[in-house]
Each structure stands twice: as structure tokens, then as C-alpha cells.
Amino acid sequence: MQRKRKAILFVAVVLFGLFVLWGLGFTQEKTRRGVPDGFFEDFDVKGRKAVFAYSSEGNVGIYISDIEGKNVKLLTEAGKDENVHHPVFSPDGKTVLYLATPKNREEMRSALYLINTDGSGKRKLYSPDSLITEAVFAPDGKTIYMLKAETFKNYSPIARQDAHDFDIYSLPVSGGEPKRITQLKDYMLQSLSVSPDGKDIYVTKSDNRNSKTAEDIFAEKHKIFRIPLTHPEKLEAVTTKGITEDIFNISVSPDNRWIAFNTIVNPHPGRNEVFQYELYVMDRKTGEVRRLTYLKKYTGAAVFDERSKWIYFMVDQKFGRGQPVYEWYRATIDGEEVERIAVAVTSQGK
642 MQRKRKAILF
652 VAVVLFGLFV
662 LWGLGFTQEK
672 TRRGVPDGFF
682 EDFDVKGRKA
692 VFAYSSEGNV
702 GIYISDIEGK
712 NVKLLTEAGK
722 DENVHHPVFS
732 PDGKTVLYLA
742 TPKNREEMRS
752 ALYLINTDGS
762 GKRKLYSPDS
772 LITEAVFAPD
782 GKTIYMLKAE
792 TFKNYSPIAR
802 QDAHDFDIYS
812 LPVSGGEPKR
822 ITQLKDYMLQ
832 SLSVSPDGKD
842 IYVTKSDNRN
852 SKTAEDIFAE
862 KHKIFRIPLT
872 HPEKLEAVTT
882 KGITEDIFNI
892 SVSPDNRWIA
902 FNTIVNPHPG
912 RNEVFQYELY
922 VMDRKTGEVR
932 RLTYLKKYTG
942 AAVFDERSKW
952 IYFMVDQKFG
962 RGQPVYEWYR
972 ATIDGEEVER
982 IAVAVTSQGK
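For the sequence shown, this note's numbering gives the first residue as 642, with consecutive numbering after it.
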């Protein structure tokens, strides 16, 4: 039975890999091996400040700015042969948590760092011989939750190598050993988010609960899952009305009413087209889902402001057509206003 399951998985991954390469364009593979200039996708906002990762001529740094994209200042730079990324503010807005990983991710190393928002007090919090892909603060600021992968490999000859066998861990901000929360060993966990009351964790993952055949596996969709911290074994899929395609890049609003996410709006692109991902928001009170953007691009990572009125997000203007070029946008919760935010990172910011 185990051999049969592996054979089914292999066939499904091969088919899925062909589908992805067709939709994205093979050039996207090449860009992910390097570090293109400009924004990294993930960032955070808190109060009137924003923090983001940015690359200039291959040099990657963590920067802080006003929420309008002005007064950009460098907080810290990556070491030799590494990237720094996924910066997030602490709940009080005084410190920034970020990840450092080798440019060659096959080395399966990573480190969590904390740094004050004025650039002082940098310290390494945790450095395992495994790959941490995302990390966030608990609402009380005393605990960090992270996604950690135990393997880095490809599941088919045509698929690129990537991190797999994911689980969720917690780590005290004061230091110490991590605690394993889930026992999933999942193929891929993404979009780690914590509910404002600190009771639940949200991720996106493939919904494989009823998959038995190659056709089932190939038809699996990436969905939002809620994981109650009191019973992490009881994860459940979150219903998103009217959404039938994969869901990525979720964010829970500070008032706990909204969940933002992106999804594919053209599941069957034409010969010279690529997939388009647009930003949506779900009202958790009513279950209603609303589309916010019509940019015909890739709308990526999204973050709510503290009042849950605006959603800040990245847009890749060249998705599937070359090196990613991210630009910073924001939209009101009703989608009536969508505007680009100009951010100028200069040598004066260093």
C-alpha cells in the first residue's frame, strides 16, 4: 500500500509540475535561484511604520520606513552568502523579527533574529539545522510561532527542489528550546498567521483529507486551515464561499473579523497568458467573500493596518515573465480605493 501511495504521488506531482511550468513560464524558475533587485514579497506594517526586505545589486537588507513609504532607513544587512527576509513587528512595535537563510537553501540552515526598530540590540534567537520559512509573534509578544521544514528535495524529476515535511513550532522570545505543535510532516505549509486572541493558528495547505488516487491528488486545492492551539490535531478547513481555486497569502485582521487572501482568477489561461492572482477578503461574521483588486497581475503578501481599514499588499508586475518586480499597494476593506505606494530606497537609507 505504501509503495502504491508513493507511485500515485509521483504521477500527481509530475502532472502538477507540468501544469505549473506551463502557467508560470519556465523563466520563473531561473529568477528564484538568484536574488533580483527590489522588494522581497513579505513585509509588515505597525502603526505608522513599515518594515520590508529589499535587495540592491545582490545586497539584501531589512529596511524600515513610514507607512507612506518615506524616510527609508536600513536596519541590518545580510551576511555573506545569505538572505534576510520575512520581517515582522513585535506587537508593541518596538522590535523586528526576521529570518536569515543561506542563498543556497539546500544547506538547510536558518536563523531567527531580533533587532530594535532603531537598528540597535540585534541578537540571534534561534539557529537550527533545518529550514525555517516563516515566523510570527503571538499577540502577547512572549512567543514566536514558526514554520519549519525538515527536508529539501524534489518529488519528481521535473519539479524544482524545495522545502518539505513541514510542521509548526513555538519558541519563547526569552530564549530556550522550541516546542513542536503539530505532527503533520506536510508537503507544504504557508501563510502562517495567528488570531488576535492567540487561540488559533492559520495556514494554507493542500486539502488532502479525501485523496486516494492520482486524480484526487492532482485535484487537491490549497485552502485555509484553522489550527486550535488547545487541540492542534483538530485542524479544520475554513469555508470560503465561491472560491474554487488555490488560496495563498492569508492575513487575519486585528479585529478578527476579516481574512485576506489571494487566489487565481483565470484557472485556464491562454497560450500566451499566465495565471492572475487577485486580492480577496472574507467577512468572518457573514462568510461573504469580496474581490478587492482587478490588477490582472500577481497580488502577493497582504497585511492589515491596526484599524482593520486598509490592506497593504505586494504586486509582482512581471509575474511569470521574468524576474519578479514587486510594487507596494494598499486597498480599503471595501475595495473602493486601490492605490500604489511609491517607495524609494537610496544609498542615503544606509
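Glycine is no exception: its CB is placed at the ideal position from the N, C-alpha and C atoms.
- Around the C-beta of D827, 16 or more other C-beta atoms lie within 10 Å, and the residue is accordingly described as buried.
- Residue pairing from DSSP places N903 in a beta bridge opposite F889, L920.
- Looking from the CA of T758, the closest CA among E698, G816, D685 belongs to D685.
- The residues K950, W951, in chain order, have a CB closer than 7 Å to that of T973 in the same chain once the five nearest residues on each side in sequence are set aside.
- Short of 6 Å from the beta carbon of A752, and not among the five residues preceding or following it, lie these beta carbons of its own chain, in chain order: A741, K765, S768.
- In this structure, the straight-line span from the alpha carbon of R850 to that of A860 is close to 12 Å.
- Counting along the chain, A855 sits inside no beta strand (DSSP E); it lies in the alpha helix (DSSP H) bounded by residues 855-859.
- Collapsing the DSSP output to three states places E747 in a helix.
- Here the alpha carbons of N745 and R821 stand approximately 26 Å from one another.
- Contact annotation: T845 and I891 have beta-carbon atoms nearer than 9 Å.
- Exposed is the label assigned to H872, since fewer than 16 other Cβ atoms lie within 10 Å of its Cβ.
- At a Cβ-Cβ threshold of 9 Å, D957 and Y970 do not count as neighbours.
- In the DSSP assignment, Q831 falls within the unbroken beta strand (DSSP E) covering 831-835.
- V713 is positioned such that its CB atom lies no closer than 9 Å to that of G699.
- Within its own chain, the residues whose Cβ lies closer than 8 Å to the Cβ of V966, once the five positions on either side in sequence are excluded, are P677, G679, D957, Q958, K959, listed in chain order.
- Taking every protein chain shown into account, the CB of T904 has 16 or more other CB atoms within 10 angstroms, so this residue is buried.
- Under the criterion of beta carbons closer than 8 Å, V777 and L716 do not qualify as touching, at roughly 18 Å.
- Residues of the same chain with a CB within less than 8 Å of the CB of G782, apart from the 5 flanking positions on each side, are S731, P732, D733, V814 in chain order.
- Just so you know, the alpha carbons of V879 and T987 end up roughly 42 Å apart.
- Going by DSSP, H727 is part of the beta strand (DSSP E) stretching over 723-730.
- In the DSSP annotation of this structure, S949 is not part of any beta strand (DSSP E), being labelled neither H nor E.
- Using a 10 angstroms sphere on the CB of S696, the tally of other CB atoms reaches 16 or more, which defines it as buried.
- Excluding residues up to 5 positions away in sequence, T845, K846, S847, D887, I888, F889 lie with their Cβ nearer than 7 Å to the Cβ of H863 in the same chain.
- Under the three-state reduction of DSSP, E977 is assigned to coil, being neither helix nor strand.
- For G702 and K853, the gap between their C-alpha atoms comes out near 45 Å.
- K687 has K690 as its beta-bridge partners, per DSSP.
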